[in-house]
Amino acid sequence: MVGQGRAQVRLTAGAEHDLRGIWRRRLAQRGGDGEDGADALLDRLVGAIESLADYTERGPVPPELEALGIRSYRQLSLPPCRVIYLPEPGLVTVMVVADSRRDFRTLLEERLLRG
Numbered sequence: 109m110v111g112q113g114r115a116q117v118r119l120t121a122g123a124e125h126d127l128r129g130i131w132r133r134r135l136a137q138r139g140g141d142g143e144d145g146a147d148a149l150l151d152r153l154v155g156a157i158e159s160l161a162d163y164t165e166r167g168p169v170p171p172e173l174e175a176l177g178i179r180s181y182r183q184l185s186l187p188p189c190r191v192i193y194l195p196e197p198g199l200v201t202v203m204v205v206a207d208s209r210r211d212f213r214t215l216l217e218e219r220l221l222r223g
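Oh and the sequence shown: position 79 is 187 in this note's numbering, straight run, nothing missing.
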């Protein structure tokens, strides 16, 4: 991929809340340390989010939104999570970070379409 110039990356309050919740759940399940611990998962998610500064349209359109004809959002898949973001010139806004096993259609409707 060719970089498109560095964009500012910001997280909505909802996305920040999502990251804290994901970290807490993983901490309770597997602890903080190790390859599969809460800290490693958070580092992986934050690293992927930060990479959006250079590759703003890196991921595909979320299929739940594409089915509605909405093509402005993109997603990153980082099992077990998905990151939904809005790329704009010079800015990437991370809207949702959630477990990919959730009902994303309902989640995206609540977070993106009603707001």
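Cβ atoms here follow ideal geometry from the backbone N, Cα and C, with glycine treated the same way.
**Study point:** Top-ranked residue by Cα proximity to Arg132, from Ala148, Val191, Pro171 and Glu174
**Key:** Of the listed residues, the one whose Cα sits closest to Arg132 is Ala148.
Exercise for review: Rounded to whole angstroms, what's the CA-CA distance from Gly155 to Cys189? Just pull it up for me.
Suggested key: Taking the straight line from one Cα to the other gives about 13 Å.
Exercise for review: Run through the segment 110-142 for me and flag every whole beta strand (DSSP E) of 3 or more residues, listed as ranges in chain order.
Suggested key: Annotation note: the segment 110-142 contains the following uninterrupted beta strand (DSSP E) runs of length 3 or greater, listed N- to C-terminal: 116-119.
**Study point:** Beta carbon of Leu173 nearer than 9 Å to that of Leu220
**Key:** Yes.
Practice item. For Pro170, count neighbouring C-beta atoms within 10 Å of its own C-beta (all shown protein chains included) and say buried if the count is 16 or more, exposed if not. Key: Buried: at least 16 other Cβ atoms inside 10 Å.
Review point. Out of curiosity, what's the CA-to-CA distance linking Met203 and Arg209?
Key: If you take the alpha carbons of Met203 and Arg209, they lie about 17 Å apart.
**Study point:** Ala121 burial status per 10 Å Cβ neighbour count (16 or more: buried)
**Key:** Burial call: exposed.
Practice item. Please name the residue, chosen from Ile178, Asp207, Ser185 and Pro187, that lies closest to Glu217 on a Cα-to-Cα basis. Key: Nearest neighbour of Glu217 by Cα position, chosen from Ile178, Asp207, Ser185 and Pro187, turns out to be Ile178.
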